[in-house]
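J.: In this note's numbering, the protein residues as written are 61 to 289.
C-beta atoms are modelled at their ideal positions from N, C-alpha and C, and glycine is treated no differently.
Nothing here was measured: the structure is a model prediction, and the numbers come from that model.
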Ligand SMILES: NC(=O)c1ccc[n+]([C@@H]2O[C@H](COP(=O)([O-])OP(=O)(O)OC[C@H]3O[C@@H](n4cnc5c(N)ncnc54)[C@H](OP(=O)(O)O)[C@@H]3O)[C@@H](O)[C@H]2O)c1
């Protein structure tokens, strides 16, 4: 039985990934800021466990670690999925303060959650860390791919580029953990006002990275395979 925790599981890619992993037989801690703890018995038979977790809040993350430890004692896969787009204002209008919340959520959130769950991950089976990044954070794609030619935004791509670097550094620093950054591709969620491919397609790479125990570590993947940093 593989034990997974995924952040931002209230909707969109996180919710679908949680369902799919539970459907594959995983025990899934579906973490969100407002978990549904009504206790209604699941008719699906899936082992899906709602848990509270706000990635910008130390106390909330510490409480989630305690809850997982008391329930199952270890973690095999941590998926850092929660993320926000921040402002899409023209570059001339973006202020340093506009970066603060985006970086706090998209970069410092994964740092906080990863550090806090690392002891449980290290007790897990073939521990895996999945960073849900974006092609928007790829320096190569942003400077060469036609898809991004006319897109110039500051905070969100910068946060995902930094997240990619975090994945590379964690892969070196934590040789006992398999680290994968993933790009779901433009996916129809609230995040994109429902533009893009299906949530099923977007979640493909998150699910496969979460279930992959072979590696190698330190890769950036999309649903077609390796993608450039
Ligand atoms: N959709 C795309 O095209 C696309 C493409 C590439 C990468 N991504 C990445 O994929 C991830 C998921 O995006 P999505 O499209 O599924 O977006 P979404 O539908 O807007 O969902 C975002 C999720 O993040 C959660 N969240 C935001 N701030 C949080 C916080 N402080 N603590 C805990 N959870 C928080 C939200 O929870 P609440 O319900 O509590 O707000 C929600 O569950 C993000 O990291 C995004 O950057 C998306």
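Run the proximity test for residue 115: is its beta-carbon closer than 7 angstroms to any non-hydrogen atom belonging to ligand 1?
T.: The answer is yes for residue 115.
J.: In chain order, what residues of the same chain have a beta carbon less than 7 angstroms from the beta carbon of residue 219, not counting five sequence neighbours either side?
T.: Correct list, in chain order: 162, 163, 166 and 167.
J.: Report all residues from its chain with a CB closer than 7 angstroms to the CB of residue 72; omit the five preceding and five following residues, and keep chain order.
T.: Cβ neighbours of residue 72 beyond the five flanking positions: 249, 250, 251 and 259.
J.: Measure the Cβ-Cβ separation of residue 288 and residue 223 and say whether it is below 8 angstroms.
T.: No, the Cβ-Cβ distance between residue 288 and residue 223 is not below 8 angstroms.
J.: DSSP puts residue 257 in a beta bridge; with which residues?
T.: 247.
J.: For residue 107 versus residue 82, is the C-beta spacing smaller than 8 angstroms?
T.: Yes; because the gap between Cβ atoms is below 8 angstroms, this pair is in contact.
J.: DSSP on residue 196, reduced to helix/strand/coil?
T.: In the structure shown, residue 196 sits in a helix (DSSP, three-state: H, G or I).
J.: For the beta strand (DSSP E) that residue 282 lies in, which residues bound it at each end?
T.: Where residue 282 is concerned, the enclosing beta strand (DSSP E) stretches over 279 to 282.
J.: Nearest-angstrom Cα distance between residue 184 and residue 95?
T.: The alpha-carbon atoms of residue 184 and residue 95 are separated by roughly 24 angstroms.
J.: So the candidates are 253, 86, 278 and 98; which of them puts its Cα closest to the Cα of residue 105?
T.: Cα-wise, what sits closest to residue 105 is 86.
J.: Please classify residue 285 as buried or exposed, where buried requires at least 16 other C-beta atoms within 10 Å of its C-beta.
T.: Classification of residue 285: exposed, given that the 10 Å Cβ count is below 16.
J.: How is residue 225 classed by DSSP in three states: helix, strand or coil?
T.: Reduced to three states, the DSSP call for residue 225 is helix.
J.: Should residue 155 go down as buried or exposed, given a rule of 16 or more other Cβ atoms within 10 Å for buried?
T.: It counts as exposed.
J.: With a floor of 4 residues, list each alpha helix (DSSP H) that falls wholly inside the segment 111 to 178, ordered by position along the chain.
T.: Those alpha helix (DSSP H) runs which fall completely within the segment 111 to 178 and span 4+ residues are 118 to 131 and 156 to 163.
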